[in-house]
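In this note's numbering, the protein residues as written are -8 to 267.
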């Protein structure tokens, strides 16, 4: 028996949003992309023109909210989440977030969670470019320490807010260098497009104020590497993921894109979501 395709809306038509849209358009996901929105209209136009089934291009967020989309996928930014997530839920739509870092604002997350319960909606959070989230969640109350070390090529980190506050000459680097060590709550602010993995790890584990984040830049790096080390009463866990960067965006691991498509697939088949 065929399932009815879920009507999906998309916020953000950049590299990740486009990959998700193409996956829907090619029937890799049991969904129909009915509407897309981007603050840069030309991005939405370019994406729609690539697709066999052309979605409506929303002129503004109100037009997207007024659409018949049942599930909205955010692939834009943490600011987009803060600006629009609550309104999406209030319009009785489910929500899938790529910019998970926005949820480390405790007050915002509490408000969003309350709205999800009030309107009976679901929140879907892809695990992104890391592995082991189920294991971390299973020992959540026994954890003592969690550290994630992310290693990327300098070009994947250029332009982040971190470099407005710290002087680091990325172009002059000859070998790997730790440029940041701190906790996830600050890390997602300083590296908003690079460490959403730290946010999902925090939510699954011991929280944003206890999850340690190390950022390493390596001019020799050809892949995005994430290493997770967790210790507690249960023993120790260690995961290492060597990711090929997304062909369309070196700041994002290809696995993050694949994780988003898999998460959307589960959402469209009414399966239990991670992060609900």
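Positions of the beta carbon are idealized from the N, C-alpha and C atoms, including for glycine.
Short of 6 Å in beta carbon distance, which residues of its chain neighbour residue i, apart from the five on each side in sequence? Order them along the chain.
i	result
residue 167	207, 209
residue 178	186, 189, 204
residue 256	20
residue 97	none
residue 216	142, 233
residue 55	0, 26, 28, 49
residue 105	none
Is the distance from the Cβ of residue i to the Cβ of residue j below 8 Å?
i	j	result
residue 2	residue 102	no
residue 68	residue 187	no
residue 107	residue 80	yes
residue 155	residue 112	no
residue 195	residue 252	no
residue 14	residue 20	yes
residue 233	residue 211	no
residue 87	residue 115	yes
residue 62	residue 258	yes
residue 120	residue 228	no
residue 59	residue 48	no
residue 142	residue 174	no
Apart from the five residues just before and just after residue i, which ones in its own chain have a Cβ nearer than 8 Å to its Cβ?
i	result
residue 44	16, 23, 24
residue 262	Residue confidence is low: residue 262 scores 41 on pLDDT, short of 50, so the model does not pin down where it sits. No coordinate-derived value is stated.
residue 180	92, 152
residue 182	148, 151, 152, 153, 171, 206
residue 239	6, 9, 10
residue -8	With a pLDDT of only 42 at residue -8, under the threshold of 50, the placement of this residue in the model should not be trusted, and no figure is reported.
residue 250	117, 118, 119, 120
For residue i, collect the residues of the same chain with a Cβ closer than 7 Å to its Cβ; drop the 5 residues on either side in sequence, then sort them by chain order.
i	result
residue 130	223, 225
residue 74	none
residue 266	Residue confidence is low: residue 266 scores 40 on pLDDT, short of 50, so the model does not pin down where it sits. No coordinate-derived value is stated.
residue 176	95, 199, 200
residue 34	4, 5
residue 248	7, 10, 237
Which one of the options has the shortest CA to CA distance from residue i?
i	options	result
residue 169	253, 59, 205	205
residue 53	77, 33, 38	77
residue 231	184, 140, 37, 56	140
residue 32	18, 59, 55, 4	4
residue 165	174, 144, 184	144
residue 122	248, 218, 51	218
residue 146	184, 260, 30	184
residue 30	46, 70, -5, 57	70
residue 192	250, 41, 128, 42	128
residue 42	104, 18, 236	18
Exercise. Should the segment 126 to 146 be regarded as contacting the segment 219 to 228, the criterion being three or more beta carbon pairs within less than 8 Å?
Worked result: yes
For this session: Kindly provide the ranges of any alpha helix (DSSP H) runs that are 4 or more residues long and lie completely inside the segment 132 to 202, ordered along the chain.
Result: 153 to 156, 175 to 181, 187 to 195
Exercise. Taking contact to mean at least 3 C-beta pairs separated by less than 8 Å, is the segment 242 to 251 in contact with the segment 153 to 165?
Worked result: no
Exercise. Between the segment 26 to 36 and the segment -5 to 12, do at least 3 Cβ pairs fall closer than 8 Å?
Worked result: yes
Exercise. Which runs of the alpha helix (DSSP H) fall wholly inside the segment 60 to 127 and span at least 4 residues, in chain order?
Worked result: 69 to 81, 97 to 110
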